[in-house]
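K.L.:
Going letter by letter, the sequence shown gives residues -19 to 706 in our numbering. C-beta atoms are modelled at their ideal positions from N, C-alpha and C, and glycine is treated no differently.
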Amino acid sequence: MKRLLALFLLVILHLQLQAQIDTNLREIKITAVKSTVKNNSDKLVYNVAASITANGSDALNALSKVPGIKIGDGQIGLAGKGSVRVMINDQLVQLSGIELTRYLKSISAGQISRIELIKNPGANYDAEGNAGLINIITKQNTKKGYFANVQVNGKQWLHNPGKVYGTRDYQAVNAGADLSYNSSKLSAHASLNFDRDHHLEGFQTDLHYPQQIWMQSDTGDYKYRNLNYEAGLDYKLSSRTSVGVNYMGGRNVYEGSDHVNNTFRNPGTGRLDSTLRTYATYYPIARTNAVNVHSVINFDTTGRKLLLNGDYFNYYRTDISNLESNSFKPDGSLNPVGNIRYFDTNKQRINIYTFKADASIPTHFAQFAVGGKISFISNYSNAFYYNKQSDGQLVYNPGLSNEFDYRENTQSLYASMNIDHQQWKYKAGLRTEFTQTEGYSYILNQNTTNNYVKLFPSLSVSYQADTDNSLSFNFGRRINRPTFWNLNPYKSLYTAYSYGQGNPYLQPEYNSNFEVSHVYKNLLTSSVFFNLTDNGFSNVTLADENTNIVYTTPLNFIKTYRYGISENLSLPLAAWLDNNNQLTFSYTNAQSKMANINSVKGFGLYLATNNNIYLNEEKTLAAAVNFWYQFPEVDHISRTGRYYKLDLGVKAAAFHKKVDLSLTVNDVFLSSVPSITTTVNNIQQKFTNFQLYRYVLLGISYHFGNNAMKSGDRNSGNEEERGRLH
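1) On a Cα-Cα basis, can you pick out the residue from VAL130, TRP608 and LEU40 that is closest to ARG710?
2) Hey, out of PRO342, PHE323, ILE265 and PHE244, whose CA is closest to PHE279's CA?
3) Give the secondary structure of TRP556 by DSSP, where H, G and I count as helix, E and B as strand, and everything else as coil.
4) Starting from the N-terminal side, write out each stretch of the beta strand (DSSP E) that is 3 residues or longer and does not extend beyond the region 486 to 525.
5) The beta strand (DSSP E) spanning TYR83 covers which residue range?
6) Below 7 Å CB to CB, which residues in the same chain sit around GLY318 once its five sequence neighbours on both sides are set aside?
7) Which residues in the same chain as ASN208 place their Cβ atom closer than 6 Å to its Cβ, once the five residues preceding and following it in sequence are excluded?
8) In the structure shown, what three-state DSSP assignment does ALA621 receive?
9) When you compare only the Cα positions, how much space is there between GLY621 and THR564?
10) Skipping 5 residues on each side, what residues in its chain have a beta carbon closer than 8 Å to that of ARG245?
11) In the DSSP assignment, the alpha helix (DSSP H) including ALA39 goes from what residue to what residue?
12) Could you check whether the region 341 to 357 touches the region 377 to 384, counting it as contact only if at least three pairs of C-beta atoms, one from each stretch, sit closer than 8 Å?
13) By Cβ distance, which residues of its chain are closer than 7 Å to ASP448, with the 5 residues on each side in sequence left out?
14) Label GLY372 either buried or exposed according to how many other C-beta atoms from any shown protein chain fall within 10 Å of its C-beta, with 16 as the threshold for buried.
15) Would you say ALA363 and GLY352 are within 8 Å of each other, going by their C-beta atoms?
16) Assuming contact is defined by CB atoms lying nearer than 8 Å, are SER93 and ALA168 in contact in what I supplied?
17) Okay, do the region 212 to 226 and the region 100 to 115 touch, 3+ Cβ pairs below 8 Å being the bar?
18) Hey, how far is the Cα of SER655 from the Cα of ASN454?
19) Going by DSSP in three states, ASN686 sits in which element: helix, strand or coil?
20) Output needed for ILE68: all residues of its chain with C-beta closer than 6 Å, excluding positions within five of it in sequence on either side, in chain order.
21) Under three-state DSSP, which class holds LEU217?
22) On the CB-based measure, 16 or more other CB atoms within 10 Å of its CB, does TRP465 come out buried or exposed?
23) Measuring straight from C-alpha to C-alpha, what distance separates ASP693 and LEU424?
24) Which of the three DSSP states, helix, strand or coil, is assigned to GLN191?
25) When DSSP builds the beta bridges, which residues end up paired with PHE356?
26) Can you tell me which of the three DSSP states ARG6 falls into?
27) Roughly how many angstroms lie between the CA atoms of SER715 and PRO47, to the nearest whole one?
28) Taking buried to mean at least 16 other C-beta atoms within 10 Å of its own C-beta, is ASN662 buried or exposed?
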């Protein structure tokens, strides 16, 4: 790593000297580059190619650089507004929680053109996502010929202390390549990406009983190996009709171990009552396959067209784990009757079939759009636990085991209308979704069904007062469905006395968003917003002081009112500076419908600044300073502490911009994750996530062929369903 850093500095010095020579030999050439952030009333666009700190990283890290987007504990949300869902090329990613973050880590930021934050998705989008949708648009070559890119990135995690579990070898390497080719009728692309990573994860939970303080810390030591591949082909049958197919696949291995330490203390004296230590190993292997077949039919030159999409998605994961807990007396001696050992196997198999049709119908009065979608979901999972005897024999444990089958069918219809009349623009739409679900637990002999019909209206009205000022009003109703694992009643053991469990009776939550905004010269966007979340769900940790058993399960019990203002300002201070700043001030009133869980309300303030600093005339050498700060806020039914993040980076383009070099330090102060406090049964619970996000990354990429790149529009029809895997 030190040699690579030295090489990087030598290249930068060479570029600086070359810039001085070029300036003396010829006229100064001013090179324009895209702004990193462009914001308006309905969409925020983050140009990843222009981002220095995102360069050489992955899609998850690139998302964390977008102003206002916060990532933590497997969740992706918008400051002051709640959770969002993630799409890639208009296709909702069919993963959530930690599986989603692992998947996004497998995608190179070098493959991404831009990230769009869609604030008020119209009726043509799936209704999923409380605060809106994130759409990751990948690069695609559009000129005839070929384009290829090869990149390698090295990462060193900077922990404190640096040596954990006897080693400092917490590093990662990523290598990827993509190739595209275009002719007059044929367009083809393929990519391959490989990751190998060794890192730490962990959290701590504190429960303050009247007679006892219960503390659990969990530090995970994980090794991650991922292989992702993609290929696609589009062919023009005629000037008006095209067909295409796209395939995405991957294999992910995330083996590791958890070191869990539970202490039980007397709250008055602080004296240690007992200690429980648990060591668990995991070996999950996940495979994904996704096939999309699509066609675009243009009926005439006026814009009348039909888009057809057929999709198949398969997700298959197996896991083998061992768990052993030992109890220790206050003096540190082993309690001979406190040894518990388990072995378990897990499996999850999901198949999703969808078909989607969208029609555009322009008229002199308005632009109309109608469409429909049907989806069929089959989700089978099991978890078989065994007690490990002292002689190594395995005895089946039916009390912990579970076998679960879940099926969900959804039929959707929508219609929308866009009208442009002088200075006014009107967009109105209505989406209807019919959903039928059935879940069956074989071991519990428990069957749950649910059928519902929901309407999701959307409305946008905008007025262009003059060339510098525009006003708009946006309204939309959205849904947040539980993940498949949240619906599964099986128990996932953390220790012998703590576990997580799904809830087959969990219902979707619904969100209504209202926003009035003003845009001035595309430099300043101001908005006032109100969000109402009904039937909200959240994980609740429940404890039994008598048995010391603690379990976590999701429940519907929250109604949330959120008010706020947001300001996004780009300051054109100098040609060498690309600057964007954001402020979001909000007030949240989260009302609990459960008598044993306290309601909570309070203010929150989020500040962010993103700065690219160009160090030479041709803008081939640049630095970045990005910073955000989140003051204490209300999150679901909890309060968070303050947390913040500083990223620094340098990027250089060499050899006629064929080679890009980047050096980034992420989360300089190791301060980007919050502590979360909740009160249940008058017992204070504090959750501290110490995921370790500080690292230094060195990346190099080489591209050749036709350099004219454009965002791809490879759509598919199973956007919503694939976003709910866990």
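P.N.:
Here's the rundown:
1) No answer is possible for residue 710: it lies beyond the span of the chain, which begins at -19 and ends at 706.
2) PRO342
3) coil
4) 489 to 500 and 504 to 524
5) Premise fails: TYR83 lies in the alpha helix (DSSP H), 77 to 85, not in any beta strand (DSSP E).
6) ASN306 and SER307
7) SER86, ASN173 and GLY230
8) First, the amino acid is wrong: residue 621 is Gly here, not Ala. It is coil, neither helix nor strand.
9) 17 Å
10) GLN192, ILE193, MET195, ARG251, LEU252 and ASP253
11) 39 to 44
12) no
13) TYR500 and LYS501
14) exposed
15) no
16) no
17) no
18) 33 Å
19) coil
20) ILE116
21) coil
22) buried
23) Unreliable placement is indicated for ASP693, whose pLDDT of 48 sits below 50; the coordinate value is still reported in the next sentence. Going from the Cα of ASP693 to the Cα of LEU424 covers about 45 Å.
24) coil
25) TYR333 and ASN389
26) For ARG6, the pLDDT reaches just 44, beneath the cut-off of 50, and the residue's location in the model is therefore unreliable, although a value from the coordinates is still provided. Coil, per DSSP.
27) The displayed coordinates of the chain run from -19 to 706. Any statement about residue 715 would go beyond what the structure contains.
28) exposed
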